[in-house]
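Step one of this worksheet: look at the structure below.
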Amino acid sequence: MQRAVLVTGASRGLGLELIRQLGRAERPPRYLFAACRDPEGARGRDLKNFAKCFSNIKIVKMDLDDFDSIQESAEEIQKVLKNNGLNLLINNAGINLGGGLNEITPEIMMKTYTINVIGPMMVTKALLPALLQAAQLSDEPGFSSKKAAVINMSSIMASMELFNIQHGKTYAYRISKAALNMVTKCLANELKPHGILCASVHPGWVRTDMGGEKAPLTKEESVQGILKVLSRLSEQDNGLFLDWRGQLLPW
Ligand SMILES: NC(=O)c1ccc[n+]([C@@H]2O[C@H](COP(=O)([O-])OP(=O)(O)OC[C@H]3O[C@@H](n4cnc5c(N)ncnc54)[C@H](OP(=O)(O)O)[C@@H]3O)[C@@H](O)[C@H]2O)c1
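Residue numbers (my numbering): 95 to 345.
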C-alpha cells in the first residue's frame with residue numbers, strides 16, 4: 095500500500111468511493127488526502143462524515159477553478175508530509191457539461207478545459223516536489239503506484255479509435271479528456287527519468303451523478319477494479335490508457 099495518497103474531487107462519486115475503499119483497506123495509506131472544493135459546505139458533508147472515523151484522512155480544500163487554491167492546498171499537504179513525499183496522486187475531479195454543436199459555447203469549452211485539463215496539470219505541477227521526494231526516498235524497485243505515480247481519470251469518450259456517438263455528443267468533455275490523455279503522455283515522458291509513473295484510467299460507465307442511473311457499473315465495482323489496476327502498475331504501463339479492468343484502450 096502507498097504511504098501517502100491524494101484524490102481530487104473526493105466529495106462524491108468515484109472520488110469519495112476511492113477515499114472509502116482506500117480508508118478501509120487492510121493496509122491503508124498513512125496519509126490519505128481528500129481534496130474537495132467546499133469541505134465546510136453541503137458538498138463536503140458525506141466526505142466529512144466518512145472521514146470522522148479515520149485519523150489518516152485529511153480533507154484539503156481545493157478548487158480546480160482557482161489556481162491559488164491548488165497551490166495553497168499543495169503547500170498544506172507538503173507541510174503535513176514534511177519531507178516524506180506523496181506516492182500517488184489521483185486526478186479524479188472532472189465535469190461534463192454536455193452539449194452538441196448546437197449547445198456548445200466558448201464558456202462551456204473553457205470551463206471544461208480549465209477543470210478537466212489545466213486543473214490536473216496544475217495539481218501535478220504543484221505537487222511535483224512531493225512526488226519527486228517519494229520517488230527518491232522509496233526503496234521499491236522500478237515504477238509503481240507505491241513509489242510515485244500520477245493517475246489521470248480519463249474516459250473512453252476521449253478515444254478517437256473507439257469513437258461511438260451513442261456515448262453522447264459532448265464536445266467539450268470528449269475534447270478535454272483527449273487533451274488530458276496528452277497530458278498523461280507528456281508527463282509520462284518527462285517524469286520517467288525521475289521514477290514517477292503516469293497513466294490515464296477509464297473507470298467504466300459508472301452510476302454516479304455524472305454517469306447517471308442507467309450506467310451498468312456501481313462505484314464500488316469500478317473503484318475495486320481501479321485499485322487493483324493501480325496496485326499492479328509497472329514500468330510497462332507508463333504513459334498508457336487503461337480501463338478499470340486493466341485493459342489497454344486505444345487513444
Ligand atoms: N461516472 C462515469 O461513468 C465516468 C466515466 C468515465 C470517466 N469518468 C471520470 O471519472 C471522474 C469522476 O467522475 P464521477 O462520475 O465521480 O463524477 P461526479 O459524480 O460528477 O463527481 C465529480 C467530482 O469532481 C468534483 N469537481 C467538479 N468541479 C470541481 C472543481 N472546480 N474543483 C474541484 N473539484 C471539482 C466534484 O466536486 P463537487 O461535489 O464540489 O461538485 C465531485 O467531487 C471524472 O474525471 C469523470 O470524467 C466518469
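For every residue, glycine included, the Cβ atom is placed at its ideal position computed from N, Cα and C.
Just how far apart, CA to CA, sit T264 and G109?
-> Distance from the CA of T264 to the CA of G109, rounded to the nearest whole angstrom, comes to 22 Å.
Between M226 and the rest of its own chain, which residues show a CB-CB distance below 8 Å, the 5 nearest in sequence each way excluded?
-> Sequence inspection shows Leu at residue 226; the Met mentioned does not correspond to that position. Closer than 8 Å at Cβ, skipping near neighbours: G179, A242, H288 and I290.
Does ligand 1 have a heavy atom nearer than 6 Å to the CB of R131?
-> If you check the C-beta of R131 against ligand 1, you find a heavy atom less than 6 Å away.
Proximity to G193 [Cα-Cα], best of H261, L343 and L112 | Out of H261, L343 and L112, the CA that lies nearest to the CA of G193 is found in H261.
Mind checking F257: buried by the 16 CB within 10 Å criterion, or exposed?
-> Taking all protein chains shown into account, F257 has fewer than 16 neighbouring C-beta atoms within 10 Å of its C-beta and is therefore exposed.
Run through DSSP, which three-state label would D157 get?
-> D157: coil per DSSP, three-state reduction.
From S328, A224, S270 and L336, residue whose alpha carbon lies closest to that of S316 | The closest CA to that of S316, considering only S328, A224, S270 and L336, is found on L336.
If you compare alpha carbons, which of N181, W345 and F237 is closest to Q330?
-> Taking only the C-alpha atoms, the option nearest Q330 is F237.
Best match in L183, T208, L191 and G213 for proximity to A228 [C-alpha to C-alpha] | Out of L183, T208, L191 and G213, L183 has the C-alpha closest to the C-alpha of A228.
Provide the residue(s) that pair with L100 in DSSP beta bridges, ordered along the chain.
-> Answer is F127 and L183, bridged to L100.
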